[in-house]
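Since the structure comes first, as structure tokens, the remarks are kept for the end.
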Amino acid sequence: MAGLMAGCKKDFLVRDPLDKLDDDSYWANEKNLRTFAYGFYTTYFVGYASGFTFGPYFYQGQSLNDDFGPTSPPQFTKVVPATDGGWSFTNIRKANIFIDRIGTVPGLSDEARNHWLGVARFFRALAFSDLVNTYGDVPWFGKPPLSSEEELIYKPRDPRAVVMDSVLADFKFAAENVRAADGEKGLNVSKWVVMAYMSRIMLFEGTWQKYHNLSTAKAAEYLAAAKWAGNEVITKGGFKFTNAYRESFNSLDLSKNEDMIMYRRYATGLLTHSLNSYVNREGQTGPNKNLVETYLCVNGLPIDPSGANPNPLYVGDKNINEVMANRDPRMFGTYNMEVRPNGSYNKTNLLGVSTSGYCTLKFLNDEIKDQSIGLSNLNPTHAPVIRYGEVLVNYAEAAAELGTLGQPGITQEDLDKSINILRKRPTGIPGNDTKLPDLQVVGGQPAVGGTVYDDEKRDPLVPAMIWEIRRERRVELVMEGFRLDDLRRWKKLDYTDTEKNPDINRGAWIVRSEWDKQPPATGSWLKDVTLTGANEGYIIPSPVAKRIFESDKVYLQPIPLNQIKLYEDAGAELSQNPGWTQ
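Counting in my numbering, the sequence shown runs from 21 upward without gaps.
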């Protein structure tokens with residue numbers, strides 16, 4: 021026995037650890053490629069996140085925009101930070117390793133090899149586009165540098181367009197090679213997921229190039245890519261609307277919802293979140309008056325309360341009956357208000373109140389709202405990751421923007437395959453299936469029923485048709501984490517200035533004497549609320565703290581000081597973004 025043990029000892033001691041991956045042996049089969057790809061999912065397909073951590077969807081931390089009325093408005097970055105986790109190339113290195121190692125996997129067919137190369141390049145495109153979105157110019161790495169390649173590791177920032185050209189090339193390869201279906205529908209990266217993200221990211225970059233006056237040619241190239249990708253999803257992906265608007269956000273099962281291009285599945289005891297709880301408790305950061313007034317009336321026209329030709333279907337905003345009357349059905353799937361006998365506001369069967377008096381319903385599941393799983397971090401509702409509704413507004417905007425760059429303008433066919441599809445979905449309102457009429461284009465202008473209209477509140481620097489498409493985008497994607505980036509790419513961060521835009525710091529109209537009569541759970545909250553009038557008026561969520569937009573430098577984040585120091589220590593230079601000083 022001693023001899024036998026002595027003979028085996030060497031082999032036993034050199035066995036690879038069972039709990040660690042070994043680079044030389046890991047790349048053995050397609051199953052391992054799939055497992056490696058899953059490592060990107062929690063970074064890029066966050067959904068509603070998990071536990072008490074929030075994703076990009078509605079919560080107080082997402083209120084740096086013109087949609088919410090927080091009691092203390094979040095501020096723009098004011099000083100260069102010492103460190104910043106956003107300046108990270110970890111996922112780029114990981115994607116480049118993935119790309120490099122796929123060629124070493126034995127026995128892969130050409131189809132499988134190209135599929136996984138497409139998946140890897142897709143994740144590299146997402147990683148680089150996130151960096152460019154945040155910082156502008158960044159160094160491009162097409163391979164994982166060796167630790168000895170200091171000149172490559174500390175290379176200077178490449179021009180934004182150079183990086184985004186490479187991102188577009190990655191997207192094109194992925195669109196051509198990633199499988200149309202891979203496993204259970206909506207849970208894995210597919211051709212349609214790739215092209216939906218391509219429509220999102222190329223729309224962002226095309227409009228950034230245009231509105232930040234970088235390159236008209238690049239703007240047109242990227243917008244054309246966004247329009248193409250959106251059209252592929254629309255015409256070939258097979259997605260459609262079989263559910264009402266709200267059902268894409270509060271469902272316990274999204275597997276049969278055909279708005280979902282990709283979703284994140286949750287399950288009690290396995291993976292849960294707390295977003296349902298956030299909209300089900302006291303202390304919501306509420307939507308503001310400016311957002312609520314964005315919604316059209318059911319005749320397809322803006323409310324225009326003080327214009328020369330006010331909308332006859334708009335009846336006012338002094339109580340909830342007035343606010344909700346004759347409005348876009350999505351309003352009923354987004355906000356949660358009931359009428360008290362005196363016409364004032366309150367949340368239905370919920371625990372608390374909102375900073376603005378307007379409360380959010382969009383993510384609340386009625387089945388679980390009163391159960392323990394609906395009032396904790398154990399929410400099991402599924403989360404959209406990317407959906408058909410977004411692709412439709414991406415397509416419409418790309419088509420309209422191309423018309424301002426010397427290419428054919430948006431056509432009725434474009435509207436009919438995008439915005440007008442959104443407007444035909446089920447309303448989800450019991451006993452009321454009244455939908456918005458089609459948006460039309462007449463002489464390049466927005467129209468309803470053949471009659472051209474123009475919103476009295478339109479930014480005069482934004483063409484009327486693009487204004488209407490941006491309205492549709494704001495309403496369709498509200499509280500999904502897009503608004504700040506939209507304002508950044510349009511170069512419209514001045515919309516977030518609370519002094520220049522007082523309606524973003526206003527909420528519902530309240531009569532104080534009526535609220536004083538309410539039970540303590542609701543009435544006491546409003547006794548000390550600041551109103552625009554002494555005894556009645558619009559709630560002012562933040563009566564003291566302001567948010568002032570002062571400098572264009574905040575369109576890009578500063579490069580953190582520790583990264584600049586690392587370059588200096590290596591004898592290289594990492595340039596800072598314009599306007600930021602150490």
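Note that the Cβ used here is the ideal one computed from N, Cα and C, for glycine as well.
It is roughly 14 Å from the alpha-carbon of E492 to the alpha-carbon of A419. Taking every protein chain shown into account, the CB of N233 has fewer than 16 other CB atoms within 10 angstroms, so this residue is exposed.
Sequence-distant partners of V66 (beyond 5 residues in either direction) whose C-beta falls short of 7 Å from its own C-beta, in its chain, are G75, P76. I323 sits in coil when the DSSP states are folded into three classes, being neither helix nor strand. In the three-state reduction of the DSSP assignment, Y415 falls in the helix class. Exclusion of the five residues before and after Y174 leaves Y587, A590, A592 as the residues of its chain whose Cβ lies within less than 6 Å of its Cβ. Residue state for T424 is assigned as coil, using DSSP reduced to three classes. No Cβ-Cβ contact shorter than 8 Å links Y79 with N251. Exclusion of the five residues before and after E225 leaves M184, Y242 as the residues of its chain whose Cβ lies within less than 7 Å of its Cβ. Proximity to I524 across I122, A565, E534, L151 peaks at A565, based on C-alpha coordinates.
In the displayed model, S235 falls within coil according to three-state DSSP, outside both helix and strand. Spanning the alpha carbons of E417 and T124 requires a straight line of approximately 42 Å. Contact between V152 and R180 holds: their C-beta atoms lie close to 6 Å from each other, under 8 Å. Its Cα nearest to that of K260, the residue K437 stands out among A240, K437, I122, S533. A distance below 8 Å between beta-carbons, with the five flanking residues on each side excluded, links R347 to the following residues of its chain, in chain order: Y315, L316, C317, V318. Between V187 and V198 a beta carbon distance of about 15 Å is seen, past the 8 Å cut, so the two are scored as non-contacting. V461 is bridged by DSSP to P466. The shortest C-alpha to C-alpha distance from L311 to any of E196, A528, P400 is the one to A528. DSSP places I406 inside the beta strand (DSSP E), whose first and last residues are 403-407.
If you check the CB distance, K382 and G353 come in under 8 Å. Per DSSP, V549 is not a residue of any beta strand (DSSP E), being assigned neither H nor E. Considered as a whole, the region 171-227 harbours 180-197 as its complete alpha helix (DSSP H) runs of no fewer than 4 residues, in chain order. Taking 3 residues as the shortest admissible run, the region 465-523 contains the following complete beta strand (DSSP E) segments, listed from N- to C-terminal end: 465-468. For M351, there is no enclosing alpha helix (DSSP H), as DSSP marks it with neither H nor E. For the pair D572 and N597, the Cα-to-Cα distance works out to about 11 Å.
By the neighbour-count criterion, in which 16 or more other beta carbons inside 10 Å mark a residue as buried, P400 falls on the buried side.
Per DSSP, I530 is one residue of the beta strand (DSSP E) stretching across 529-531.
Counting the other Cβ atoms within 10 Å of the Cβ of S167 gives fewer than 16, which makes it exposed. Sequence-distant partners of I486 (beyond 5 residues in either direction) whose C-beta falls short of 8 Å from its own C-beta, in its chain, are E417, A420, E421, T424. Per DSSP, E313 is not a residue of any beta strand (DSSP E), being assigned neither H nor E. The continuous stretches of beta strand (DSSP E) do not include I117, which lies in the alpha helix (DSSP H) extending over residues 110-122.
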